[in-house]
């Protein structure tokens, strides 16, 4: 974090304080499990810049080849570790957040507007492969290619 301390000493200091807190306490909250140095390095790698929706070799857009390598390795390792035939190593995502909002505000079959996946929307904005596209009547919209404004 030497570079961060030069660019933003206040954030660097806050991170140092959090590292100290974690080293000096025993945290029993499952979602706050301590990550190993190797995990921290992987999470701080260039992979953090890449969003890869879908499954290896079946992504919804390009540029995911290296993510496919990493995810496939993780799947194979999980299957071996747990003596399993199948494994899903994908973390929870914005899908669960969108699901919570839809369930809180909508009734099954309600009509909702959602941005088309091809225009920057998310699968949960009404795509037929998602729970949302199967549960609600989405009217998809996009952006005008010339003005780049909502059409």
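Residue numbers (our numbering): -19 to 131.
Using N, Cα and C, we set each Cβ at its ideal position, and we do this for glycine too.
Do residue 51 and residue 40 have their C-beta atoms closer together than 7 Å?
-> no
Secondary structure of residue 69, DSSP reduced to three states | Residue state for residue 69 is assigned as coil, using DSSP reduced to three classes.
Report all residues from its chain with a CB closer than 8 Å to the CB of residue 65; omit the five preceding and five following residues, and keep chain order.
-> 59
Stretch pair the stretch 82 to 95 + the stretch 66 to 73: three plus CB contacts closer than 8 Å | no
Does the stretch 97 to 114 touch the stretch 71 to 86, meaning 3 or more C-beta pairs lie closer than 8 Å?
-> yes
Entirely enclosed alpha helix (DSSP H) segments - the stretch 24 to 100, minimum 4 residues = 45 to 61 and 74 to 85
Which residues mark the beginning and the end of the beta strand (DSSP E) in which residue 120 is found?
-> Counting along the chain, the unbroken beta strand (DSSP E) around residue 120 starts and ends at 117 to 121.
Kindly list the residues whose CB is nearer than 8 Å to the CB of residue 48, restricted to its own chain and excluding five residues on each side of it in sequence; keep chain order.
-> 32, 36, 37 and 39
Where does residue -9 sit, in a helix, a strand or coil, going by DSSP?
-> Three-state result, residue -9: helix.
Name the DSSP bridge partner or partners of residue 130?
-> 123
Check residue 15 in the structure and name its three-state DSSP category.
-> coil
Chain-order list of residues whose beta-carbon lies under 8 Å from that of residue 157 (same chain, five-residue window excluded) = Not covered by the structure: residue 157. The range shown for the chain is -19 to 131.
Would you report the Cα separation of residue 81 and residue 112, rounded to the nearest angstrom?
-> 11 Å
Out of -12, -2, 79 and 123, which has the shortest C-alpha to C-alpha gap to residue 114?
-> 79
Which term fits residue 61, buried or exposed, when burial requires 16 or more other beta carbons within 10 angstroms of its beta carbon?
-> exposed
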